[in-house]
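Visitor:
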Amino acid sequence: MSVLVIIDQAPYGSWRGRESLDMALSLAAFDQPASLLFTGPGVNWLRAGQEPAGLSQKAVERNVSAAPIFGIEELLVDRQSLAKYQLEPSALIAGTSTVDYTPELLANYYHVVCL
Amino acid sequence: MSVLVIIDQAPYGSWRGRESLDMALSLAAFDQPASLLFTGPGVNWLRAGQEPAGLSQKAVERNVSAAPIFGIEELLVDRQSLAKYQLEPSALIAGTSTVDYTPELLANYYHVVCL
Amino acid sequence: MKTLHIVNKSPDQARFGRCLAALEASDQLLLTENAVIALADAGIVLPSENYALAADLEARGLAGRPTTTVIDYPGMVRLTADADRIICW
Amino acid sequence: MKTLHIVNKSPDQARFGRCLAALEASDQLLLTENAVIALADAGIVLPSENYALAADLEARGLAGRPTTTVIDYPGMVRLTADADRIICW
Amino acid sequence: MHSQTAFTLVITGAPYSTQAPQTALAFAKAALAQGYSIDRVFLYGDGVHLSSALAAPPSDETNWPKAWAEFLQGNDIPAVACIASALRRGILNNEEQARYQRNASNIIEPFELLGLGEWVESIASTSKTLYFHGDH
Amino acid sequence: MHSQTAFTLVITGAPYSTQAPQTALAFAKAALAQGYSIDRVFLYGDGVHLSSALAAPPSDETNWPKAWAEFLQGNDIPAVACIASALRRGILNNEEQARYQRNASNIIEPFELLGLGEWVESIASTSKTLYFHGDH
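Here it is as structure tokens:
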């Protein structure tokens, strides 16, 4: 079983998403299975075409895209939140799986982190 | 005209309400007219019978009750938020005025602070 | 798997709703810190089996609410020790 | 009195709603930081005269939205200088 | 021609936690470039962390306290961290270090520790006061 | 009889900004009193401010870093502030002070600066991991 890290905050406005991603990457680095779930405003992490140079911040898009390479098992995105933020699957960065945010989904993970 | 300090956060869970109150008290201390408006979860600041000793925090109830003594002009509370949090006027600390949160209300103040 | 959900956010926060949406019928819900004001919130429907921390209720003038099981910090320790899984929202 | 409302919160926050509820017809609204995602939020109705910061839109992949007036930081300075009153939510 | 407008900037969001110090700095630079003046920068609440001399971000990230300090010094802008907010959060100058008998001080120049009266003065003046809050 | 259960406490909310350090300390004391053990306390994000030796609250308020430090030392509980979170936010030990050439360090004993691996170790162990977040 794997750990689920939930990101429910919009990108760039706070560091919480980055620090959540760091947690997931650390798990993977130590060979602990980890997945990421994006929900609420957090789905905006997955929008393609982010250019944060004007904020003096690094693009999170690249970090998320690279997550599977670093061993993150799944990039899950909540269907209802995609609809709310008018994100078509084609507008997402590659490699995500659309799921429904339900107790049954969360039951697949022995530990859940939501910063 | 006076400054309006809005408190829209529940008490004790964060320091923001206290720091908002400190701002209002500082205005009053320097003879700048100031009023407080409680809305959203912030109306819970006005609930009588707060006993925060178990949290190692000081009661905010006393501070708010004392605000008029220190020169705060009005303790305003949003009617709709009172209903939402099932607060009867009789369950409030003394000295508050119930108002409706509208643009017209806010127009009475030349400066509005909302931490 | 019996999950204990611990939520410390005020009920007007989206996170509170995400916590409620994650509850299974057999799960337990513990309200701490600002979350205890949910017991006074006319717009929130809590599961019938819910717990709230005494110190947080008392601080906010909410002692004596009939719709929750009031527990102290030792009670919170027992709930967490007994849970198969804990999610802190 | 022309008020400029500046909001930096994500639209799922109660503060965002409090900002919208405080707007008069003649007021201006400026979306900054996480608030720019309101332009993509199907559940939010913004006043037709609204502004959004270019750097924040670009960061979040939202450049080119037709329902806002895109301004840069100098444009934000001009808006604030011209406003009779500014409320930062 | 713009000399009539001056700003006071109040920053309540911390660096590396919120975007507030970044937005405020971009605004401040644009204001000066257009000939407006900035009367004062006031750090309040979690914003006082912007006055830490000890922030040590990775070399590919902006050091926000340092960037702000350089901007303030380069433009002779008075900068205040609210003393009550700062002391609670572990931001000390030499005087407070001595008063509280701590081993170090950590405030970055040119920030000073002063009270809310500084903010009240801005409100009472013709300065336009803007707030740069956190994301919550 | 309770010896099978041990806790790891992750604190992500800062003192004087959130209630997290208070709730966590009350929980921790109750856990020990009931015979449970605490494997580790891990500060992450804004929670690292709980390891500041320079916090100087008014004398009628709890000094949360000091209260936590005394509790940890008195009960021999390992305590870690995430090094990445801490360096950005201006929490340094002597080693990092030297590395980054700063004038002071400010971490309170017994907190150590270590990586997220410490947290991963707790997740991978039989320790029950609880989070004490901020109010947002």
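Protein chains in written order, with full-length UniProt numbering: chain A, 1 to 115; chain B, 1 to 115; chain C, 1 to 89; chain D, 1 to 89; chain E, 1 to 136; chain F, 1 to 136. Built from N, CA and C at the ideal position, the CB exists for glycine as well.
#1: With a cut-off of 8 Å on the beta carbons, I'd call Asp56(D) and Thr32(D) a contact; round off their distance for me.
#2: Quick one: what does DSSP say Asn94(F) is sitting in, helix, strand or coil?
#3: By how many angstroms is the C-alpha of Glu109(F) removed from the C-alpha of Ala69(F)?
#4: In chain E, what lies closer than 9 Å to Leu55(A) by C-beta?
#5: For the stretch 71-85 of chain D, enumerate the residues whose C-beta is nearer than 8 Å to any C-beta of chain B, in chain order.
#6: Any idea if Met76(D) is buried or exposed, counting beta-carbon neighbours within 10 angstroms, 16 or more meaning buried?
#7: Cutting at 8 Å between CB atoms, please list the residues of its own chain near Lys58(A), excluding the five before and the five after it.
#8: Measuring only the C-alpha atoms, how far is Phe30(A) from Gly71(A)?
#9: First and last residue of the beta strand (DSSP E) that includes Ala104(E)?
#10: For the stretch 36-51 of chain D, which residues have a CB atom closer than 9 Å to at least one CB atom of chain B, in sequence order?
#11: Considering only residues of the same chain and omitting the five flanking positions on each side of Ala79(F), which have a CB-CB separation below 6 Å?
#12: Quick check on DSSP: helix, strand or coil for His2(F)?
#13: Hey, could you find the ends of the alpha helix (DSSP H) Leu21(A) is sitting in?
#14: Given a threshold of 16 other Cβ atoms within 10 Å of its Cβ, counted over all protein chains shown, does Lys2(C) qualify as buried or as exposed?
#15: Is it buried or exposed for Arg60(D), if we count other Cβ within 10 angstroms and need 16 for buried?
#16: For Asn50(C), write down the residues that DSSP places opposite it in a beta bridge.
#17: Give a yes or no on whether the C-beta atoms belonging to Tyr36(E) and Ala67(E) are separated by under 8 Å.
#18: With a threshold of 7 Å on Cβ separation, who are the neighbours of Gly40(B) within its own chain once the five nearest residues in sequence on each side are excluded?
#19: Indicate the three-state DSSP secondary structure (helix, strand or coil) for Arg40(F) in the structure shown.
#20: Decide if His2(E) is buried, meaning its Cβ has at least 16 other Cβ atoms within 10 Å, or exposed.
#21: What does Ala30(E) reach in chain D if we use C-beta pairs closer than 8 Å?
#22: Which term fits Pro57(E), buried or exposed, when burial requires 16 or more other beta carbons within 10 angstroms of its beta carbon?
#23: Can you name the residues that DSSP bridges to Ser97(B)?
#24: For chain F, is any of its Cβ atoms less than 8 Å away from the one on Asn75(E)?
#25: Please check if any C-beta of chain C sits within less than 8 Å of the C-beta of Arg16(B).
#26: Quick check on DSSP: helix, strand or coil for Val120(F)?
#27: Can you name the start and end residues of the beta strand (DSSP E) that Lys128(F) belongs to?
#28: For His111(B), does the three-state DSSP call read helix, strand or coil?
#29: Got a sec? Which residues, its chain only, sit under 7 Å from Tyr131(E) by beta carbon, not counting five neighbours each side?
#30: Find out if the Cβ-Cβ distance for the pair Leu76(B), Val64(B) is shorter than 8 Å.
#31: When the distance is taken between beta carbons, is Gly95(B) closer than 8 Å to Val60(B)?
#32: Residues bridged to Ala81(E) by DSSP?
#33: With DSSP collapsed to three states, give me the class of Arg47(B).
#34: Report the neighbours of Glu24(D) on chain B: residues whose CB is nearer than 7 Å to its CB, in chain order.
#35: Straight-line CA distance for Val5(B) to Asn75(F)?
Guide: In this structure, then:
#1: 6 Å
#2: helix
#3: 6 Å
#4: Gln19, Gln22, Thr23, Ala26
#5: Arg85
#6: buried
#7: Pro52
#8: 10 Å
#9: Ala104(E) -> no beta strand (DSSP E), and no H or E assigned at all.
#10: none
#11: Val41, Leu72, Pro110, Phe111
#12: For His2(F), the predicted structure reports a pLDDT of 47, less than 50, and the residue's modelled location is therefore unreliable. A value from the coordinates is still provided. Of the three classes helix, strand and coil, the one that applies to His2(F) here is coil, per DSSP.
#13: 16-29
#14: exposed
#15: buried
#16: Leu29(C)
#17: no
#18: Asp8, Ser81
#19: strand
#20: Its pLDDT being 47, under 50, His2(E) is placed unreliably by the model, and nothing is read from it.
#21: Asp72, Tyr73, Pro74, Met76, Val77
#22: buried
#23: Leu76(B)
#24: no
#25: no
#26: helix
#27: 128-132
#28: strand
#29: Val10, Thr12
#30: no
#31: no
#32: Leu43(E), Leu113(E)
#33: strand
#34: Pro103
#35: 44 Å
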